[in-house]
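Novice: In this note's numbering, the protein residues as written are 5 to 173. Here it is: the structure, laid out below.
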Amino acid sequence: MRKILAGLFTTGLVIVALFTLWGVLSKGGLSQAPPSAEGGNSPPKAPEAVEEEVPSPVPPSYTREARLIAVGDIMMHNTQTEAGYDAKAGRYNFDSFFTEISPLLKKGDWVIGNLETPLAGKDLKYTGYPRFNAPPELASALKKAGVTILTTANNHALDRGEIWVIRTR
Numbered sequence: 005m006r007k008i009l010a011g012l013f014t015t016g017l018v019i020v021a022l023f024t025l026w027g028v029l030s031k032g033g034l035s036q037a038p039p040s041a042e043g044g045n046s047p048p049k050a051p052e053a054v055e056e057e058v059p060s061p062v063p064p065s066y067t068r069e070a071r072l073i074a075v076g077d078i079m080m081h082n083t084q085t086e087a088g089y090d091a092k093a094g095r096y097n098f099d100s101f102f103t104e105i106s107p108l109l110k111k112g113d114w115v116i117g118n119l120e121t122p123l124a125g126k127d128l129k130y131t132g133y134p135r136f137n138a139p140p141e142l143a144s145a146l147k148k149a150g151v152t153i154l155t156t157a158n159n160h161a162l163d164r165g166e167i168w169v170i171r172t173r
């Protein structure tokens, strides 16, 4: 097997060498410079460089900016969770919790909030300190208030175990 591969490789090299030689000879052989005035062979003179002015690119005439607002420690203690429950509707609604701060949040292009409570679901019971778990309606209220990004990397990240990390998206 090695002999076959070596033979193929050698044949390939010979073919490449022949094509290279054919290409050089078909173009008139290796070019030789015309004799100089002194009668010797000297390399041809390079053409004089013509300096062209290349226009430099014009930078865009706008400024990029974004307003970043950060808020922190969004959590729900038992009394807050209870206050957000609408018994008539039979559901939670936390929109009113953020009415005063919402105009400020909506001035930001990106508003980052530190969510200090899992949204792990009712089956894990909604609780406050020390092991938080809030209704998912909290996330809806935060979005309506103007929060665009929620971080969950904090000391309450695993209050309800790994499942909350999966459920809180």
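Glycine is no exception: its CB is placed at the ideal position from the N, C-alpha and C atoms.
(1) Counting along the chain, where does the beta strand (DSSP E) carrying A74 start and finish?
(2) Please state the DSSP three-state secondary structure of D99.
(3) Between the beta-carbon of R171 and the beta-carbon of G125, is there less than 8 Å?
(4) Are the CB atoms of I78 and E120 nearer to each other than 8 Å?
(5) In whole angstroms, what is the alpha-carbon distance linking E55 and P64?
(6) Give me the Cα-Cα distance between K81 and N159, rounded to the nearest whole angstrom.
(7) What whole-angstrom Cβ distance do G117 and G76 have, given they're in contact under 8 Å?
Specialist: Let me spell this out:
(1) Taking the first residue of the sequence shown as position 1, residue 74 is located at position 70. Segment L72 to I78, the beta strand (DSSP E) holding A74.
(2) As a first step, residue 99 is located in the sequence shown; it is residue number 95 there, counting from the start. Note: D99 maps to helix in three-state DSSP.
(3) Within the sequence shown, the letter at position 167 stands for residue 171. Within the sequence shown, the letter at position 121 stands for residue 125. Yes.
(4) As a first step, residue 78 is located in the sequence shown; it is residue number 74 there, counting from the start. As a first step, residue 120 is located in the sequence shown; it is residue number 116 there, counting from the start. In terms of Cβ geometry, I78 and E120 form a close pair [threshold 8 Å].
(5) For the purposes of this step, residue 55 is identified with residue 51 of the sequence shown, where counting begins at 1. For the purposes of this step, residue 64 is identified with residue 60 of the sequence shown, where counting begins at 1. Their backbone Cα atoms lie some 27 Å apart in a straight line.
(6) Here residue 81 refers to the residue found at position 77 of the sequence shown. Here residue 159 refers to the residue found at position 155 of the sequence shown. First, the residue type needs correcting, since residue 81 is His and not Lys in the sequence shown. Roughly 15 Å separates the two Cα atoms.
(7) Reading the sequence shown from its first residue, position 113 is the one you call residue 117. Reading the sequence shown from its first residue, position 72 is the one you call residue 76. Between G76 and G117 the Cβ distance is about 7 Å, and since that is below 8 Å, they are a contact.
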